[in-house]
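Each residue of the sequence shown is one higher than the one before, counting from 495 in our numbering. All C-beta atoms in this analysis are idealised placements derived from N, C-alpha and C, irrespective of residue type, glycine included. Take a look at the structure below.
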Amino acid sequence: MNSTHPRACDWKFEDLRPNIMGIDTMVPVLDGSRVPYVFLDNGASTPSFKHAFEVMGEFMPFYSGVHRGTGFKSLLATQVFDEAHDLAGAFVRADLERNTVIFLKNTTEAVNKLANRCDWRDGDVVITTLMEHHSDDLPWRKHAHVIHVGVDDKGYLDMDALRDAFARNRGKVRFLAATGASNISGIINPVHELAEIAHANGALMFVDAAQLAPHRPIDVLPDDDPGHIDFIAYSAHKMYAPFGIGVLIGSKEYFSQGDPDMVGGGVVDIVETDYVAFSAPPAREEAGSPNVPGAVALAAAIHMLMKVGMDRIAEHEHLLVSYAIEKMKDVPGMRLYGPVEKDELKNKVGVISFDIDGVPHAKVAAILSAEGGIGVRNGCFCAHPYVKRLLQVDKETADRITEEILSGDRTNLPGMVRASFGCYNNIDDVDRFVAMLHRIGSGEFTGDYVLDRRSGTYWPRHFNYDFSSYFPHFSFRPTTSITEFTEAS
Ligand SMILES: Cc1ncc(COP(=O)(O)O)c(C=O)c1O
């Protein structure tokens, strides 16, 4: 496939929006018309850059297994794959003499890998935070005693509690694992300060950069700097290359000790029936045939982001978030979570969580979609403890809701609505979003919405999306059978 776009070296900020696949997609809304889709769920997954998709397409005629083939295509593919590793490391300024870049499926797999590969001892502790996505919490719980450092009412990490947790567990803490930016409040953690605290206490620093990498420049700092981030992970599907690649970066030494957690083809130098010599990282940590096209797409996306400049992207997203929050404050019944004051927004990525008084979060999300053609997300966003803390759900209520959920009723599921921006969103997107919020806040939406108690989702009565007229390659079931829904109270 020939690229119709300028080469990576020409990219400018203005190229980003037209380079988004599906930016002009028209979607159906309740009044029977079609409107341009506004995608505000970039915190979950971003659309692809056309450039990433096209470079992947240009590569496909050469697609071949890597590392062991001797043919031309395999040699080319191997070089491309290896170079993609280097670029993924350069994106966070990792010293690749001492560190390795491991390609996995996503951030979740990366954290699991990191946790699986530690030489745990009895009594080991991992300190993490209440802000974490479950992906930077549950993998640690399988191996160590996990301490969740709390947050204040706005969602900021309690630094005194963090220091205290280290003091109370002297000599036992192996990792401090913290998110670079929260997928709920957008708060950016002071990761280098956290790393200094971890190192001063003999622990290693892991940063979950799934929400940070698409929005801010990252520098893990030299390995001998006290603020150095020892391990970092991020996902390609959150940075415009959604083709199944996750990145884990950390010291070669760490991944050279012990046996890999997953074994099979590709991880060894030699195998006898009674002897195995594992390869050097990253190969020993990338069992099986790797996702070479996904790696190519990630490299192309990174190239584009780096050429545009992450500082430039951060500046744009800051403007967008500041504008959106100021406008949202005027919406009737609006409750915003996380930092909302002007001077706080520099340290917040483009994630805004909110709800509207008197309208369940799931209903707000349903109306935005059905009447506004706006894609957001609602619920607890894989960070249940943090969301409950920000919503100030007390223990008794949380326990009661847990009972209800376990019995199959999600009517009272706590949660928020989340709008999350990408580098390509613009003021028009925000204006359309805020206009719909005003309609919702003042009760001027038109649909009649019913609730499915089992899933906790709302649906406009007598409305069905006809997916097959948009994507004819699959046969779709009706999106929902209204008869299955219980009338909302
Ligand atoms: C902060 C954070 N960490 C980790 C993850 C998990 O990423 P993935 O689904 O790519 O494994 C997410 C996904 O939303 C996230 O927001």
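Going by CA-CA distance only, name the one from the options that's closest to residue i.
{"i": "residue 725", "options": "757, 695, 551 and 587", "result": "587"}
{"i": "residue 870", "options": "859, 880 and 864", "result": "859"}
{"i": "residue 527", "options": "829, 845 and 867", "result": "867"}
{"i": "residue 837", "options": "816, 854 and 585", "result": "816"}
{"i": "residue 759", "options": "530, 561 and 886", "result": "561"}
{"i": "residue 687", "options": "701, 538, 648 and 578", "result": "701"}
{"i": "residue 946", "options": "532, 801, 899 and 921", "result": "899"}
{"i": "residue 640", "options": "649, 671 and 646", "result": "671"}
{"i": "residue 747", "options": "563, 604, 689 and 595", "result": "595"}
{"i": "residue 633", "options": "657, 651 and 608", "result": "608"}
{"i": "residue 695", "options": "771, 593, 842 and 668", "result": "668"}
{"i": "residue 925", "options": "576, 942 and 534", "result": "534"}
{"i": "residue 706", "options": "790, 787, 842 and 624", "result": "842"}
{"i": "residue 950", "options": "907, 647, 852 and 683", "result": "907"}
{"i": "residue 839", "options": "855, 808 and 645", "result": "808"}
{"i": "residue 646", "options": "937, 846, 635 and 882", "result": "882"}
{"i": "residue 845", "options": "715, 714, 709 and 959", "result": "709"}
{"i": "residue 865", "options": "919, 937, 880 and 914", "result": "937"}
{"i": "residue 734", "options": "764, 791 and 745", "result": "791"}
{"i": "residue 739", "options": "606, 599, 713 and 923", "result": "599"}
{"i": "residue 793", "options": "637, 896, 737 and 612", "result": "737"}
{"i": "residue 854", "options": "741, 953, 557 and 810", "result": "953"}
{"i": "residue 712", "options": "658, 805 and 520", "result": "805"}
{"i": "residue 504", "options": "519, 803 and 769", "result": "803"}
Return the bridge partner residues of residue i from the DSSP annotation.
{"i": "residue 869", "result": "533"}
{"i": "residue 985", "result": "No information on residue 985 is available, as it lies outside the stretch 495 to 983 that the chain covers here."}
{"i": "residue 651", "result": "645"}
{"i": "residue 639", "result": "619"}
{"i": "residue 910", "result": "873"}
{"i": "residue 828", "result": "850"}
{"i": "residue 466", "result": "The structure shown does not extend to residue 466, since the chain is modelled only from 495 to 983, so the question has no answer here."}
{"i": "residue 528", "result": "522"}
{"i": "residue 729", "result": "740"}
{"i": "residue 804", "result": "According to DSSP, which records beta bridges pairwise, residue 804 is partnered with nothing at all."}
{"i": "residue 556", "result": "Partner(s): none; residue 556 has no beta bridge."}
{"i": "residue 543", "result": "514"}
{"i": "residue 842", "result": "681"}
{"i": "residue 774", "result": "Answer by DSSP bridge pairing: none, since residue 774 is not bridged."}
{"i": "residue 700", "result": "671 and 725"}
Please classify residue i: does DSSP put it in a helix, a strand, or coil?
{"i": "residue 583", "result": "helix"}
{"i": "residue 670", "result": "strand"}
{"i": "residue 513", "result": "helix"}
{"i": "residue 522", "result": "strand"}
{"i": "residue 748", "result": "helix"}
{"i": "residue 756", "result": "coil"}
{"i": "residue 971", "result": "coil"}
{"i": "residue 597", "result": "strand"}
{"i": "residue 986", "result": "The question about residue 986 has no answer here: the residues shown for the chain are numbered 495 through 983."}
{"i": "residue 884", "result": "helix"}
{"i": "residue 981", "result": "Reliability fails at residue 981, whose pLDDT of 48 lies under 50, so the model's placement of it is uncertain and no value is given."}
{"i": "residue 817", "result": "helix"}
{"i": "residue 625", "result": "coil"}
{"i": "residue 788", "result": "helix"}
{"i": "residue 461", "result": "The question about residue 461 has no answer here: the residues shown for the chain are numbered 495 through 983."}
{"i": "residue 834", "result": "coil"}
{"i": "residue 660", "result": "helix"}
{"i": "residue 928", "result": "helix"}
{"i": "residue 538", "result": "coil"}
{"i": "residue 994", "result": "Nothing about residue 994 can be read from this structure; the chain reaches only from 495 to 983."}
{"i": "residue 994", "result": "Any answer about residue 994 is impossible in this case: the structure gives the chain only from 495 up to 983."}
{"i": "residue 797", "result": "helix"}
{"i": "residue 938", "result": "coil"}
{"i": "residue 976", "result": "Note on residue 976: pLDDT 48, under 50, position unreliable in the model; no value is reported."}
If we define contact as Cβ-Cβ less than 8 Å, is residue i a contact residue for chain C?
{"i": "residue 817", "result": "No chain C is present in this structure, which holds just one protein chain."}
Review point. Quick one, what's near ligand 3 if you take every residue whose CB is closer than 5 Å to any heavy atom, in chain order?
Key: Here the bound small molecules are ligand 1; ligand 3 is not part of this structure.
Practice item. Could you tell me whether the region 869–877 touches the region 613–632, where touching means 3 or more Cβ pairs closer than 8 Å? Key: Yes: at least three Cβ pairs fall under 8 Å.
Point to revise | Contact the region 648–667 vs the region 606–623: 3+ CB pairs below 8 Å | key: As far as the Cβ criterion goes, the region 648–667 touches the region 606–623, which means the pair count is three or higher.
Check your understanding: Counting pairs of Cβ atoms below 8 Å between the region 752–763 and the region 719–736, do you hit three or more?
Key -> As far as the Cβ criterion goes, the region 752–763 does not touch the region 719–736, which means the pair count is below three.
Review point. Are the region 886–898 and the region 670–679 in contact at 8 Å, needing three or more beta carbon pairs?
Key: No, the region 886–898 is not in contact with the region 670–679.
**Study point:** Contact between the region 886–906 and the region 822–841 (3+ Cβ pairs under 8 Å)
**Key:** Contact between the region 886–906 and the region 822–841 is absent: fewer than three C-beta pairs spanning the two stretches fall below 8 Å.
Point to revise | Segment contact flag, the region 541–555 with the region 781–797, C-beta cutoff 8 Å, min 3 pairs | key: At 8 Å Cβ cutoff, the stretches touch.
Check your understanding: If you pair each beta-carbon of the region 503–515 with each one of the region 913–923, do three or more pairs fall below 8 Å?
Key -> Yes, since at least three Cβ pairs between the region 503–515 and the region 913–923 fall closer than 8 Å, the two stretches touch.
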